Amino acid sequence: MKKVLITGSSGFLGQNLLKLAPRNTQIIAHYCQTIPENPGSKLELFQADFRTGHWEFIQKLRPDIIIHTAAMADIDECESHPVPARKINFETTCRLSDLARSLGSRFIFISSDVVFEGNRGHYKEEDKPCPLNVYARTKSEAERYILDNPSNMVVIRPALFYGSALDSRPSFSEIMFRRLRSGQNIHAFTDQYRTPVLVKDLANAIWELVHHDYCGLLHVGGPQRFNRYEMGLVLCWIFNLDSSLLIPVKSSDVQMNAPRPLDCSLDSSRAAGILKTHFSDFEEGCRLAFSEN
Ligand SMILES: NC(=O)c1ccc[n+]([C@@H]2O[C@H](COP(=O)([O-])OP(=O)(O)OC[C@H]3O[C@@H](n4cnc5c(N)ncnc54)[C@H](OP(=O)(O)O)[C@@H]3O)[C@@H](O)[C@H]2O)c1
C-alpha cells in the first residue's frame, strides 16, 4: 500500500483530498493549527509549523508520495508578512522537494494561477510567469527551484477553486452563496478573470496524478473564464436568488495590500489531454457543490 503525505490536509483543498483518497492508500495527514477531520482508519496525523522548519521529521515518515498543499495562501497576509510567507511557501517547498528526491518519492506541488502578470489571460504552461505580489513571487520561485532540479515531480498551477471546504474555513464561493441565499449584499469584482475549477475535480485530478507518470508543469483550471460578478450571476440563476444583491466593483475601487493580476485565466488543454478526470463547467460544479446546502 502506497504511503502518501498530504501537507495542509486541514485546508480547503486538503480536506477534499482526504475525502476523496483512494481506499488502497495509507495517508499521513499534516496540519498546523487545525486538526483535520478523520475520515478513515488508515490515517496518521502529523503536526508541524513550517515557519520553524520541522522538515526533517518527514524523512523518518518515508512517504512514497508527497502532495504539498500547505501554504500561507492569503495574498494580503503574505504582502504584510513577507518573511514567514517566504519561509512557508518557498523554503519549505524547496526542502520538501529535496527530501522527496533523496527518498525517491513522487512530489506534487500546488502552486497557483496568480504567478502570471494577468495582462492577457489564457496562459499555457510555456508562458513566462511574472509575479505581481509577494505570494505570487514565493510560489513562482518555488516552482523554478523544482523545475530546475527535475525528477519525479509535478508542479500544478490550479485556477481559483470553488465548492465545499468541508470542515475548513468557508471558501469564497460558499460565502457568496450563503450571503445571497440569506438576502445579504456581496461585493464582487468585474475585472479579475479566472478559470474556476471545482475543488472536487481538482482533488480527483491530483489523485490521478499520484499514479500517473506525468512530470513537470500542469495547468488545472475549469473550462470557462469568469469574473467573480459573473460567477455570482450564475449562482443566482441556478438557485433562483436575487441578483440585485451582487454589487459590481472594480479592483481600483478597493484598497488592498497586494496588487492582483487582472486576467490569469488558464489554458488547461494539456491536463484535459492527459487526465481522465472530468472537469465540470461552472453551472454543473455549483449544482454539485451547493444543491444540498
Ligand atoms: N484557494 C484557491 O482558490 C487557490 C487557488 C490557487 C492555488 N491555491 C493554492 O492551493 C493550496 C491549497 O489552498 P487552500 O485554499 O486549500 O489553502 P488553505 O485553506 O488556506 O489551507 C492552507 C493549509 O496550509 C496550512 N498552513 C498554513 N500555515 C502553515 C504553517 N505555518 N505551517 C504549516 N502549515 C501551514 C494550514 O494548516 P492549519 O489550517 O492547520 O493551520 C492549511 O492546512 C495552497 O498552496 C494555495 O496557495 C489556492
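This note's numbering runs 16 ahead of the 1-based position in the sequence shown.
The C-beta atom is built at its ideal place from N, Cα and C for all residues, glycine as well.
All of these numbers come straight from a predicted model, not from anything done at the bench.
Host alpha helix (DSSP H) of residue i (start-end)
i	result
L182	Run containing L182: none; DSSP gives neither H nor E here.
G232	That residue, G232, is in no alpha helix (DSSP H); its beta strand (DSSP E) goes G232 to V236.
L61	First-last for L61: L59 to Q63, but that is the beta strand (DSSP E), not the alpha helix (DSSP H).
I222	V215 to V226
R173	That residue, R173, is in no alpha helix (DSSP H); its beta strand (DSSP E) goes M169 to P174.
L115	T108 to L119
V150	V150 to D164
L278	L278 -> no alpha helix (DSSP H), and no H or E assigned at all.
L33	F28 to K35
I74	E72 to L77
D90	Per DSSP, D90 belongs to no alpha helix (DSSP H) and is neither H nor E.
Cβ-based burial, residue i [other Cβ within 10 Å; buried from 16]
i	result
N220	buried
Y230	exposed
M192	buried
P277	buried
I172	buried
C146	exposed
R185	exposed
I263	exposed
I81	buried
Q31	buried
R241	buried
H294	exposed
W253	exposed
K216	buried
I43	buried
I22	buried
S268	exposed
Rounded Cβ spacing between residue i and residue j (contact assumed at less than 8 Å)
i	j	result
F106	T154	4 Å
F28	S285	About 25 Å separates the two Cβ atoms, so there is no contact after all.
I104	M88	5 Å
V130	Y151	7 Å
N243	T206	5 Å
P79	S121	6 Å
F125	A175	Not quite, the Cβ-Cβ distance comes to about 16 Å (not below 8 Å), so this is no contact.
A287	L234	5 Å
Beta-bridge partners of residue i, as assigned by DSSP
i	result
R197	BP columns for R197 are empty, so no partner.
T41	K18
N243	Y209
P147	According to DSSP, P147 bridges with nothing at all.
T23	H84
I202	L262
N135	D279
H46	F62
Residue i to residue j span [Cα, whole Å]
i	j	result
A45	N168	21 Å
V213	V250	14 Å
L119	Q200	51 Å
D92	V99	13 Å
E60	G137	41 Å
F226	C280	According to the sequence provided, residue 226 is Val. The question's Phe does not apply to it. Answer to the nearest angstrom: the Cα atoms are 26 Å apart.
D283	Q208	16 Å
S127	Y178	16 Å
L163	C110	11 Å
C94	S25	20 Å
A305	N256	16 Å
E53	A181	12 Å
K35	W223	11 Å
I290	L33	20 Å
H84	A116	11 Å
K292	D183	28 Å
Extent of the continuous beta strand (DSSP E) run through residue i
i	result
F123	R122 to I126
P264	L262 to V265
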